[in-house]
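Contents: one structure, followed by commentary.
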Amino acid sequence: MKLFGSSGIRGITNKDVTVDLALKVGLALGKTKGTAVIGRDPRVAGEMIEHAVISGLLSSGCDVVRIGMVSTPTLAYASRDYDCGVMITASHNPAEYVGIKLWNPDGMAFDSSQQEEIEEIIEKETFEPVRWDRIGNLTEDSNAIRKHIEMIVKNVERSSKRVIIDCGCGAGSTITPYVLRELGCEVITLNSQPDGHFPARNPEPNDANLTLLKKAMKEFGADIGIAQDGDADRMMTVDENGEFITGDEMLAMFARHECKSDAKLVVPVDTSMMIDDALPDSTVVRTRVGDVYVAEEIKRSEADFGGEPSGSWIFPAISYCPDGIYAAAKVMELIQEKKLSELKGDLPHYPTRRGTVKCDNEKKDTAMGLVCSELGSSGEITDIDGVRVEMEEGWVLVRPSGTEPKIRITAEAREGVDKLYDMVENVVKRGVA
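In terms of UniProt numbering, the sequence shown opens at residue 1 and continues consecutively.
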């Protein structure tokens, strides 16, 4: 698809994602849906793109309800009362990015066939603007956040732990601290004022971006630190010692908490061997990278839990949308009896290395072709998403990003992971040169 990547439509404001494109998305969506709810994260371009999408929807006769600045999980939860949901966000991407993500009433993002339908309408411009007296109605609803809070508090155990929440100046600022307080936590907020410039840190809640949170953990003596991205669909943690918990570790902890014996969980192809060994009695299904693909497989196979090491956690009992707010509440259940560092210590660990190589989108196919030809004899190849090569000492995954001009590399080995990673990185770099 030309417009939709692994997480909806996303790109640089006024370059890749324009007002004209947003209007066309609204026109195409309004042709297929009668009602829609729309929200946005704090990005500077959010309101501009939101207004354009709304105009297209109304012009096609679709009734629209605005819920304002909200997290993506809040928008997805609100979608249950409408034909679809529209979220204006670029999630964890830097401030200059903006995007459009479409949602079904069950909290599932639009699947490939739905996205293709929207793209075809846009490409062929088969829009159907309605007569003047059939233009859609535009209304507002200020209760979406409150309803989301009530759902979470109803389904999660109370906690009196001390927690520092770093919302990264994103949409999580509107809900996550309030949820944790209602659960009984002692809450200390960090970067919890919405600001689309994201002045405190890059929106992605990875180890390198959480220096301030890790420092605050030691100063305040908190039990846990929680960090979210720009739209709060992702959530990562820092333990009581100020040490970052990796995505694979967090995935394994959640899976152990959510999955009973003989359970089924769904993870992407870049997930560690740790998951399989931590849950020997469970069935682990691997998919393409992207929360929509994980969610699709969870729904199809009726799995108990799923997630991605990037920080997306899907609890199908409440929604097929990755919910960083619900996850923040659930992680408090995990540390009721054991410290986060102790839960981490209970997991099997293998050396893992992740990185990226910058690559213009038009060079990605050439680079991946070189990877296939040079690594094909090194082990068993799986091409469900990018190229994963299973070797005697471990495995490596090379895949082009679906949202940014880069190629991602993941390597894991029982020993010699740096040698394995460096070998593959050199191949990729020659491919993008």
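Virtual Cβ for every residue (Gly too), placed ideally from N, Cα, C. What you are looking at is a predicted structure, and each value in this text was computed from that prediction instead of being measured.
{"Asked": "Three-state class that DSSP yields for R354 in the structure shown", "Found": "strand"}
{"Asked": "Rounded C-alpha distance that separates V424 from V371", "Found": "8 Å"}
{"Asked": "Per-residue burial, H197 [other beta carbons within 10 Å of its own, 16 or more giving buried]", "Found": "exposed"}
{"Asked": "Residues that DSSP places opposite S272 in a beta bridge", "Found": "Answer is none; S272 lacks a bridge partner."}
{"Asked": "Range covered by the beta strand (DSSP E) that runs through A411", "Found": "406–413"}
{"Asked": "Rounded distance between the beta-carbons of L138 and I54, thought under 8 Å", "Found": "7 Å"}
{"Asked": "Whole-angstrom distance between W313 and D270, CA atom to CA atom", "Found": "15 Å"}
{"Asked": "Boundaries of the beta strand (DSSP E) in which G8 is found, first to last residue", "Found": "8–12"}
{"Asked": "Neighbourhood of G107 by C-beta distance below 6 Å, restricted to the same chain and skipping five residues each side", "Found": "A76, S319, Y320, C321"}
{"Asked": "6 Å Cβ shell around E380 - same chain, five flanking residues per side excluded", "Found": "E390"}
{"Asked": "Buried versus exposed, by CB contacts within 10 Å (16 or more), K358", "Found": "exposed"}
{"Asked": "Contact under 8 Å by Cβ, K33 with C84", "Found": "yes"}
{"Asked": "Three or more C-beta pairs below 8 Å linking the segment 35–52 and the segment 64–80", "Found": "yes"}
{"Asked": "Residue environment, D304, which counts as buried when at least 16 other CB atoms sit within 10 Å", "Found": "buried"}
{"Asked": "Three-state secondary structure (DSSP) of Y82", "Found": "coil"}
{"Asked": "With 16 other Cβ atoms within 10 Å as the buried cut-off, status of A367", "Found": "buried"}
{"Asked": "For G11 and P205, the rounded distance between their alpha carbons", "Found": "19 Å"}
{"Asked": "Contiguous alpha helix (DSSP H) assignments of at least 4 residues, all confined to the segment 144–215", "Found": "144–155, 176–182"}
{"Asked": "C-beta atoms of A200 and G168 nearer than 8 Å", "Found": "yes"}
{"Asked": "Neighbourhood of D207 by C-beta, 7 Å cutoff - its chain only, sequence neighbours within 5 removed", "Found": "F244"}
{"Asked": "Extent of the continuous beta strand (DSSP E) run through P398", "Found": "Looking at the sequence provided, one finds Val at residue 398 rather than Pro. Here the beta strand (DSSP E) through V398 covers 394–400."}
{"Asked": "Nearest-angstrom Cα separation, counted from Q336 out to R256", "Found": "15 Å"}
{"Asked": "Helix, strand or coil at G311 [DSSP, three-state]", "Found": "coil"}
{"Asked": "Coil, strand or helix - Q115 by DSSP", "Found": "helix"}
{"Asked": "Per-residue burial, D233 [other beta carbons within 10 Å of its own, 16 or more giving buried]", "Found": "buried"}
{"Asked": "Reduced DSSP category for V19 - H, G, I as helix; E, B as strand; rest coil", "Found": "helix"}
{"Asked": "C-beta atoms of V187 and L210 nearer than 8 Å", "Found": "no"}
{"Asked": "Beta-carbon contacts of residue 494 that lie in its chain and below 7 Å, excluding the five residues immediately before and after", "Found": "A question about residue 494 goes unanswered here, because the residues of the chain that appear run from 1 up to 433."}
{"Asked": "Residue burial classification, W103 (beta-carbon count within 10 angstroms, cutoff 16)", "Found": "buried"}
{"Asked": "DSSP state of Y97 mapped onto helix, strand, coil", "Found": "strand"}
{"Asked": "Whether residue 446 touches T283 by CB criterion (8 Å)", "Found": "Since the first residue shown for the chain is 1 and the last is 433, residue 446 is missing from the structure and cannot be characterised."}
{"Asked": "Sequence-distant residues of its chain with Cβ nearer than 7 Å to K363 (five each side left out)", "Found": "V432"}
{"Asked": "Per-residue DSSP class, three states only, for D304", "Found": "coil"}
{"Asked": "From S173, S192, I152, residue whose alpha carbon lies closest to that of E182", "Found": "I152"}
{"Asked": "Rounded straight-line distance, which links the Cα of E47 to that of Y421", "Found": "42 Å"}
{"Asked": "Continuous alpha helix (DSSP H) stretch holding G369: start and end", "Found": "364–375"}
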